[in-house]
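Chains as they are written, first to last, in my numbering: chain A, 1 to 350; chain B, 1 to 350; chain C, 1 to 350.
Heads up, the beta-carbon is just placed ideally off N, CA and C, and yes, glycines get one too.
Since this is a predicted model, take the numbers as computed values, not measurements.
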Amino acid sequence: MTDSGSRSYSLREIARRFGGEIAGDPDFEVRRVATLENAGPDSIAFLANARYLPQLKATRAGAVIVGKGDRAATGAPRIVCANPYVYFARVSALFNPAPGARPGVHPTAVVDGAARVAGNAEIGPCAVIERGAEIGAGCVIGAGCSIGEDVVIGAGTRLYANVSVYRGCVVGQRVILHAGVVIGSDGFGLAMEEGRWIKVPQIGRVMIGDDVEIGANTTVDRGALDDTVIEDGVKLDNQIQVGHNVRIGAHTAIAACTGIAGSAKIGRNCRIGGASGIAGHITIADGVEISTYTLITKSIDRPGTYTGAYAFEPHRQWLRNAAQLRHLDELARRVRALEKKPKQPKRSTP
Amino acid sequence: MTDSGSRSYSLREIARRFGGEIAGDPDFEVRRVATLENAGPDSIAFLANARYLPQLKATRAGAVIVGKGDRAATGAPRIVCANPYVYFARVSALFNPAPGARPGVHPTAVVDGAARVAGNAEIGPCAVIERGAEIGAGCVIGAGCSIGEDVVIGAGTRLYANVSVYRGCVVGQRVILHAGVVIGSDGFGLAMEEGRWIKVPQIGRVMIGDDVEIGANTTVDRGALDDTVIEDGVKLDNQIQVGHNVRIGAHTAIAACTGIAGSAKIGRNCRIGGASGIAGHITIADGVEISTYTLITKSIDRPGTYTGAYAFEPHRQWLRNAAQLRHLDELARRVRALEKKPKQPKRSTP
Amino acid sequence: MTDSGSRSYSLREIARRFGGEIAGDPDFEVRRVATLENAGPDSIAFLANARYLPQLKATRAGAVIVGKGDRAATGAPRIVCANPYVYFARVSALFNPAPGARPGVHPTAVVDGAARVAGNAEIGPCAVIERGAEIGAGCVIGAGCSIGEDVVIGAGTRLYANVSVYRGCVVGQRVILHAGVVIGSDGFGLAMEEGRWIKVPQIGRVMIGDDVEIGANTTVDRGALDDTVIEDGVKLDNQIQVGHNVRIGAHTAIAACTGIAGSAKIGRNCRIGGASGIAGHITIADGVEISTYTLITKSIDRPGTYTGAYAFEPHRQWLRNAAQLRHLDELARRVRALEKKPKQPKRSTP
Numbered sequence: 001m002t003d004s005g006s007r008s009y010s011l012r013e014i015a016r017r018f019g020g021e022i023a024g025d026p027d028f029e030v031r032r033v034a035t036l037e038n039a040g041p042d043s044i045a046f047l048a049n050a051r052y053l054p055q056l057k058a059t060r061a062g063a064v065i066v067g068k069g070d071r072a073a074t075g076a077p078r079i080v081c082a083n084p085y086v087y088f089a090r091v092s093a094l095f096n097p098a099p100g101a102r103p104g105v106h107p108t109a110v111v112d113g114a115a116r117v118a119g120n121a122e123i124g125p126c127a128v129i130e131r132g133a134e135i136g137a138g139c140v141i142g143a144g145c146s147i148g149e150d151v152v153i154g155a156g157t158r159l160y161a162n163v164s165v166y167r168g169c170v171v172g173q174r175v176i177l178h179a180g181v182v183i184g185s186d187g188f189g190l191a192m193e194e195g196r197w198i199k200v201p202q203i204g205r206v207m208i209g210d211d212v213e214i215g216a217n218t219t220v221d222r223g224a225l226d227d228t229v230i231e232d233g234v235k236l237d238n239q240i241q242v243g244h245n246v247r248i249g250a251h252t253a254i255a256a257c258t259g260i261a262g263s264a265k266i267g268r269n270c271r272i273g274g275a276s277g278i279a280g281h282i283t284i285a286d287g288v289e290i291s292t293y294t295l296i297t298k299s300i301d302r303p304g305t306y307t308g309a310y311a312f313e314p315h316r317q318w319l320r321n322a323a324q325l326r327h328l329d330e331l332a333r334r335v336r337a338l339e340k341k342p343k344q345p346k347r348s349t350p
Numbered sequence: 001m002t003d004s005g006s007r008s009y010s011l012r013e014i015a016r017r018f019g020g021e022i023a024g025d026p027d028f029e030v031r032r033v034a035t036l037e038n039a040g041p042d043s044i045a046f047l048a049n050a051r052y053l054p055q056l057k058a059t060r061a062g063a064v065i066v067g068k069g070d071r072a073a074t075g076a077p078r079i080v081c082a083n084p085y086v087y088f089a090r091v092s093a094l095f096n097p098a099p100g101a102r103p104g105v106h107p108t109a110v111v112d113g114a115a116r117v118a119g120n121a122e123i124g125p126c127a128v129i130e131r132g133a134e135i136g137a138g139c140v141i142g143a144g145c146s147i148g149e150d151v152v153i154g155a156g157t158r159l160y161a162n163v164s165v166y167r168g169c170v171v172g173q174r175v176i177l178h179a180g181v182v183i184g185s186d187g188f189g190l191a192m193e194e195g196r197w198i199k200v201p202q203i204g205r206v207m208i209g210d211d212v213e214i215g216a217n218t219t220v221d222r223g224a225l226d227d228t229v230i231e232d233g234v235k236l237d238n239q240i241q242v243g244h245n246v247r248i249g250a251h252t253a254i255a256a257c258t259g260i261a262g263s264a265k266i267g268r269n270c271r272i273g274g275a276s277g278i279a280g281h282i283t284i285a286d287g288v289e290i291s292t293y294t295l296i297t298k299s300i301d302r303p304g305t306y307t308g309a310y311a312f313e314p315h316r317q318w319l320r321n322a323a324q325l326r327h328l329d330e331l332a333r334r335v336r337a338l339e340k341k342p343k344q345p346k347r348s349t350p
Numbered sequence: 001m002t003d004s005g006s007r008s009y010s011l012r013e014i015a016r017r018f019g020g021e022i023a024g025d026p027d028f029e030v031r032r033v034a035t036l037e038n039a040g041p042d043s044i045a046f047l048a049n050a051r052y053l054p055q056l057k058a059t060r061a062g063a064v065i066v067g068k069g070d071r072a073a074t075g076a077p078r079i080v081c082a083n084p085y086v087y088f089a090r091v092s093a094l095f096n097p098a099p100g101a102r103p104g105v106h107p108t109a110v111v112d113g114a115a116r117v118a119g120n121a122e123i124g125p126c127a128v129i130e131r132g133a134e135i136g137a138g139c140v141i142g143a144g145c146s147i148g149e150d151v152v153i154g155a156g157t158r159l160y161a162n163v164s165v166y167r168g169c170v171v172g173q174r175v176i177l178h179a180g181v182v183i184g185s186d187g188f189g190l191a192m193e194e195g196r197w198i199k200v201p202q203i204g205r206v207m208i209g210d211d212v213e214i215g216a217n218t219t220v221d222r223g224a225l226d227d228t229v230i231e232d233g234v235k236l237d238n239q240i241q242v243g244h245n246v247r248i249g250a251h252t253a254i255a256a257c258t259g260i261a262g263s264a265k266i267g268r269n270c271r272i273g274g275a276s277g278i279a280g281h282i283t284i285a286d287g288v289e290i291s292t293y294t295l296i297t298k299s300i301d302r303p304g305t306y307t308g309a310y311a312f313e314p315h316r317q318w319l320r321n322a323a324q325l326r327h328l329d330e331l332a333r334r335v336r337a338l339e340k341k342p343k344q345p346k347r348s349t350p
């Protein structure tokens, strides 16, 4: 829990910025945000899920953000609002603003003479900006990043350390790329000829919209011919793999370790669980939810939640069940046979 | 879709280089390659799969590459050949040649005095080449790469940005390592003693053959004692993990997010789907195909396709089926009991 | 197999250091360690698993480390001990000591004036150490690493190339972070408001204990408010994802490609197989073993082995079984119906 600096805000000031209704002392001064569990008397915490009600009872937080139904669940000074988690996100950002760019090009950075870097952008140590690249206003390019030829990075975008963006890719505004992200690597395009693979040149780009966030060590391949597209507001967690010519619709969120095979089209406002897989060349409708550890092998044309994980068991029990799973088709045939058995009694009583 | 520069080629010139039969105007001038869907009148596209026949009907492509069976499927100028996808790969490489090395060591690169770098190799900004390393003719070492002591990189090999190769590893000729690849990290070698792990030194190397391509953020561990080996022509997609002492046979292709545990031996010309897993110490025969999201727990001694993914369902349906899966062994026993029921009629009619 | 330098040790010297009983010539001079399979006459190998007994018979190793039960399994000079693999780990470390720090800051490294770097630490080329960071005695910070503001790195810790540690994180003593590791990236904290995601600031830290090893390209997210904690002696393999506010208990080992969702608590001395998944907000007891490719969706409160992988099959067989799996609940109902069938004979023989 980081110390958030010296500035404090009263509940009244907070509610003036973000709305909501104050219950209890409006002049209570908040110094930091915290969890219910670890809050101190100068902190504001939040309750977004009824299962944390016991923690609310026990908290030492000086103030709390609660939903309308939980107005009476605490006597502490509180803000009552429609969506406590969103409200908390805003309050937390007030106390913990994203660090801004420190304008300038570090002397160890390597910026090609034919690159265009906004005057108020920050180019970190040992970052490399190649010919024809454009770095927008207020960008932060972290230490050791590599920005290829003709890449465009929109205003207000932040790349943490050691991000690699291959030539020609386009990144929108207010995007966050975490450390180790790779954008625009070659897709897995191979043609088989007489037992050997021939590389198919990957000449499309990656196009990333505005307000996208991409987690650490996630990789997004460039398109084979057309582009790979990540629309506005998409949130990708760490270690996700996005194949060539994938399109991810706006405001879709995908949890860590998921793999998306080439040319899959994922709709808008989808929520995809961690370590799931999306097969190539399929289409997923808007608003679909996919559970963690689930492989989607066919297109999904209507919203809903889809699941396909093998539920874990104690190993011995799994051994027995998994063994039977290999004979499930046979078992089903045996049940059919039992169902078809002639009603013997009638025939056997002549 | 990248503009491919100014040079154009007639179908006649293309067929002279790569073979095939021309139908329609042999003097048609091609300026670029494209998909059927997005091609313009100066583009050549291809048809490699019958399901894109509707796109062939609608395409604005000036010329098309088709298989022998699809000779009559279009009236556009076309090249008829045995394998349109391979042919297209060659044509695309003609229009989009891989960029060559720009010989020289960038002034911000750090090359040890006891390293040997070919005169026509390109060492990018902030790349580090340690003592005893050898960089072959025409290599490109991207920005921020780290090449450890005594590493050997064969001629014509390209490392994109931020690749790390640990000491002593050997990379063949014409290899491509994408950004963020790690070669030669320590394998997961641990010995348990009284509740604590003792590290087992990992002193083998990684040996990578010729014409290998390794995707972004893939990791290949060095051998514990003997070497980890990736044979010629192997293609690894992004975010694959190759454990210590694995051997991958020549011309095997492995899709993204797959994990290969230590000492597994994979044959030649295998095709392994994405997010699959290969257990340690097993052997997989030549020519095996493994479906995506499949865990291989035992050796496979004959070619064929092997699968083991749980097929996804709507969540409610999954809840019911997955619950029964935990009782599958019991269900099988109950079916056996039903099958063994005495033929009651005979006994009941004395 | 690396040549281990010129120093040799007699079995007597080895046993004096590490214990065990010598059988055969105590003056046999060992020059290197090797596998039974590839050992030469100046090597010492080991037998830790009975399945390698045939290799013991055939080995050319000059000396062998064996367990007490295998004392008579070879006539070669040997060391008999309780745990041959641990013993071998120690002998291998004797012949292959981890390279020490070469004290000094490389001229291309960028060390902020307000960072504190121990005099005998090694800061590699193009490494970046930001304001307020502390680098302990004997540390090695590899080429291209990025160490954020106020990071603390304990004594004797080694970071290989291109590691990124975000601001404020704390790394213990004698820790090893392999290339491409990311520590302290933002957790996946998002609040949904009217179809758009609001970022929840991630202001916790990552706290890593002593004697931890983290494999290549593994990522560990910082806590949302409280910290993400990795206790002493934890071993993480490559490409693992650790979500925000996870806690991993001491001496737990986790194999590659595993994903651990936010706020999961994993006990001490657990062993978690590769490509497994741990759901968010669950608790796993001390001493639990989880099989490879298994998704743990609920808390586990007692030690034992837990498994949940779909066992692979030839594809055709899988097609049939997987199809029936979608009807398993219905099948179970049909079996119940068969079981409930009236005992017809009795009623049909009036």
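>> Could you pull the DSSP bridge partners for residue 46/C from this structure?
In response: Here residue 46/C refers to the residue found at position 46 when the third sequence is read from its first residue. Bridge partners of residue 46/C: 65/C.
>> If the criterion is Cβ atoms closer than 9 Å, does the pair residue 338/C and residue 231/A meet it?
In response: Within the third sequence, numbered from 1, the residue matching residue 338/C stands at position 338. Within the first sequence, numbered from 1, the residue matching residue 231/A stands at position 231. For residue 338/C and residue 231/A, no; Cβs fall outside 9 Å.
> What residue range is occupied by the uninterrupted alpha helix (DSSP H) comprising residue 310/C?
Replying inline: One-based indexing of the third sequence puts residue 310/C at position 310. Where residue 310/C is concerned, there is no enclosing alpha helix (DSSP H), given that its DSSP letter is neither H nor E.
>> Can you pull the chain A neighbours of residue 191/C, defined as C-beta to C-beta under 8 Å?
In response: Here residue 191/C is taken as the residue at index 191 of the third sequence, counted from 1. Simply 83, 85, 86, 88, 89.
> Is the stretch 9-26 of chain A in contact with the stretch 111-124 of chain A, if contact means three or more CB pairs nearer than 8 Å?
Replying inline: no
>> Between residue 327/A and chain B, is the shortest Cβ-Cβ distance under 9 Å, so that the two count as touching?
In response: Indexing the first sequence from 1 puts residue 327/A at position 327. Closer than 9 Å to some Cβ of chain B, the Cβ of residue 327/A qualifies, so yes.
> Can you check whether the CB of residue 155/C is closer than 9 Å to the CB of residue 180/C?
Replying inline: What you label residue 180/C is simply residue 180 of the third sequence in a count that begins at 1. What you label residue 155/C is simply residue 155 of the third sequence in a count that begins at 1. Going by C-beta atoms, residue 180/C is not nearer than 9 Å to residue 155/C.
>> Tell me the DSSP secondary structure of residue 14/C in three-state form.
In response: By 1-based counting over the third sequence, the position of residue 14/C is 14. The answer is helix: DSSP assigns residue 14/C an H, G or I state.
> Of all the options 85/A, 334/A, 70/A, 309/A, which has the alpha carbon lying nearest to the alpha carbon of residue 190/C?
Replying inline: For the purposes of this step, residue 190/C is taken as residue 190 along the third sequence, with counting starting at 1. For the residues 85/A, 334/A, 70/A, 309/A, the minimum Cα distance to residue 190/C belongs to 85/A.
> Who are the neighbours of residue 313/B on chain C, taking C-beta pairs under 8 Å?
Replying inline: The count along the second sequence starts at 1 and reaches residue 313/B at position 313. Neighbours of residue 313/B on chain C, chain order: 326.
>> Distance cutoff 9 Å, beta carbons only. Does residue 338/C sit that close to anything in chain A?
In response: Taking the third sequence and counting its residues from 1, one reaches residue 338/C at position 338. Yes, contact with chain A.
> Out of 91/A, 257/A, 289/A, 173/A, which has the shortest C-alpha to C-alpha gap to residue 121/A?
Replying inline: Locating residue 121/A in the first sequence gives position 121, where the first residue counts as 1. The residue with the shortest Cα to Cα distance from residue 121/A is 173/A.
> Of all the options 146/B, 233/B, 62/B, which has the alpha carbon lying nearest to the alpha carbon of residue 167/B?
Replying inline: Counting from 1 along the second sequence, the entry for residue 167/B is found at position 167. Here the closest residue by C-alpha is 146/B.
> For the candidate residues 294/A, 261/A, 38/A, whose alpha-carbon lies nearest to that of residue 271/A?
Replying inline: Locating residue 271/A in the first sequence gives position 271, where the first residue counts as 1. For residue 271/A, the nearest C-alpha among the options comes from 294/A.
> DSSP on residue 158/B, reduced to helix/strand/coil?
Replying inline: Counting from 1 along the second sequence, the entry for residue 158/B is found at position 158. DSSP places residue 158/B in strand when its eight states are reduced to three.
> Would you say residue 199/B reaches chain C, if we count a Cβ-Cβ gap shorter than 9 Å as a contact?
Replying inline: Taking the first residue of the second sequence as 1, we reach residue 199/B at position 199. True, the Cβ-Cβ gap to chain C drops below 9 Å.
>> Residues of the stretch 230-241 of chain C in Cβ contact with chain B at a cutoff of 7 Å, in chain order, please.
In response: 233, 235, 237, 238, 239
> Alpha carbon to alpha carbon, what distance is there between residue 203/C and residue 1/A?
Replying inline: If you number the first sequence from 1, residue 1/A lands on position 1. If you number the third sequence from 1, residue 203/C lands on position 203. Residue confidence for residue 1/A is low, a pLDDT of 41 falling below 50, so the modelled location carries little weight; the figure read from the coordinates is stated next. Distance between the alpha carbons of residue 1/A and residue 203/C is about 6 Å.
> When you compare only the Cα positions, how much space is there between residue 355/C and residue 119/C?
Replying inline: Here chain C has residues from 1 to 350 only, and residue 355/C is not among them.
> Among 328/B, 266/B, 53/B, which one has its Cα closest to the Cα of residue 399/B?
Replying inline: Absent from the structure is residue 399/B, since the part of chain B shown begins at 1 and ends at 350.
> Along chain C, in chain order, which residues have C-beta atoms closer than 7 Å to that of residue 54/A?
Replying inline: Along the first sequence, read from residue 1 onward, the residue named residue 54/A stands at position 54. Correct list: empty, because the minimum Cβ distance to chain C is about 15 Å.
>> Give me the residue from 291/C, 92/C, 197/C, 278/C with the minimum Cα distance to residue 299/C.
In response: For the purposes of this step, residue 299/C is taken as the residue at position 299 of the third sequence. Of the candidates 291/C, 92/C, 197/C, 278/C, the one whose C-alpha sits nearest the C-alpha of residue 299/C is 278/C.
>> Here's the rule I'm using: 16 or more other beta-carbon atoms within 10 Å means buried, otherwise exposed. How should residue 301/B be labelled?
In response: Taking the second sequence and counting its residues from 1, one reaches residue 301/B at position 301. It is exposed - the Cβ of residue 301/B has fewer than 16 other Cβ atoms within 10 Å.
> What span of residues does the alpha helix (DSSP H) with residue 330/C cover, start to end?
Replying inline: By 1-based counting over the third sequence, the position of residue 330/C is 330. Element bounds for residue 330/C: 328-340.
>> Per DSSP, what are the beta-bridge partners of residue 111/B in this structure?
In response: Here the question's residue 111/B lines up with position 111 in the second sequence. DSSP output for residue 111/B lists 129/B as bridge partner(s).
> In the stretch 108-137 of chain C, which residues sit with their C-beta less than 8 Å from some C-beta in chain A, listed in chain order?
Replying inline: 108, 110, 126, 128
> Taking the alpha-carbon positions, what's the residue 72/A to residue 185/A distance?
Replying inline: Locating residue 72/A in the first sequence gives position 72, where the first residue counts as 1. Locating residue 185/A in the first sequence gives position 185, where the first residue counts as 1. The alpha-carbon atoms of residue 72/A and residue 185/A are separated by roughly 54 Å.
> So, helix, strand or coil for residue 225/C, using DSSP?
Replying inline: Within the third sequence, residue 225/C is the residue found at index 225, counting from 1. Reduced to three states, the DSSP call for residue 225/C is coil.
> Hey, does residue 263/B have any beta-carbon neighbour from chain F nearer than 9 Å?
Replying inline: Checking the listed chains, one finds no chain F in this structure; the protein chains it contains are A, B and C.
> Terminal residues of the continuous beta strand (DSSP E) containing residue 36/A?
Replying inline: Position 36 of the first sequence holds residue 36/A. No beta strand (DSSP E) contains residue 36/A, which DSSP labels as neither H nor E.
> When we look at the beta-carbon of residue 319/C and count the other beta-carbons within 10 Å, is it buried (16 or more) or exposed?
Replying inline: The residue given as residue 319/C occupies position 319 in the third sequence. Burial call: exposed.
> At which residues does the beta strand (DSSP E) containing residue 185/C begin and terminate?
Replying inline: Locating residue 185/C in the third sequence gives position 185, where the first residue counts as 1. It spans 182-185 - the beta strand (DSSP E) in which residue 185/C sits, taken as one unbroken run.
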